[in-house]
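Okay, so the sequence shown: first residue is 163 according to our numbering, each after it adds one.
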Amino acid sequence: MRIIGGSARGRTIEAPKGMDTRPTLDRVRENLFNILQRRVFDASVLDLFAGSGALALEAISRGAQRAVLCDMDAQAHRIEKANAQKLGFEEKCTFLHCDWKQALTRLQAQHASFDLIFLDPPYRMHDLREVTALCAQVLTDSGCMIVEYERGTPPEVSEKLVLTDGRGYGIAGLNFYGHADSQGS
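The following block contains the structure:
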């Protein structure tokens, strides 16, 4: 795997071994960040189910201010920290080794907010209503939540969110969401 753009462009990063983690493909990340473009600069980013940390690290490479990376898998947690250190991004990163519910509860208690939230849960996880409802509470008013899912099986999300865009790339689908109450204002 490699960083596609920004200050760390072309640098390689590691991905956890085995079948428990499915890194976002380079071409999917490239298309994702082409869509996000200016939204990334100076953004605060949450990468839930971070795996290798590729999405958050790509965002930092492209000018994001800070990122919180969360994964409950011990191997993924070690690798995302090592990748951030290798790229010199560790001071812009906070790492949480816990499940998504613990992470979001902790972030809410800290009054954290994020401009971009990346959700790349296991493809078998289709009902994302609870996790997206909690994510909506830490998403800024004009923020964007991006959910990667197995194409053909769109995720169920909270009614607090509205789909603003959707794209497909081979087996992967990307849905973009904003706050339902801020659309049209």
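Cβ atoms here follow ideal geometry from the backbone N, Cα and C, with glycine treated the same way. These numbers come from a predicted model, not from an experiment.
Here the alpha carbons of K254 and A246 stand approximately 9 Å from one another. Counting of Cβ neighbours within 10 angstroms places A271 among the exposed residues, the total staying below 16. Each residue's CA atom was taken as its position, placing R191 and D282 some 12 Å apart.
Contact check for P317 against L278 fails: the beta carbons are separated by 9 Å or more. Our two residues, S304 and L258, have alpha carbons roughly 25 Å apart in a direct line.
DSSP places E253 in the helix class (H, G or I) of the three-state scheme. Under the DSSP assignment, S223 falls in the alpha helix (DSSP H) whose first and last residues are 216–223. Around the beta carbon of S223, 16 or more other beta carbons lie within 10 angstroms, which makes this residue buried.
Excluding sequence positions up to five before and after T302, its CB lies within less than 7 Å of the CB of S275, F276, D277, all in the same chain and listed in chain order.
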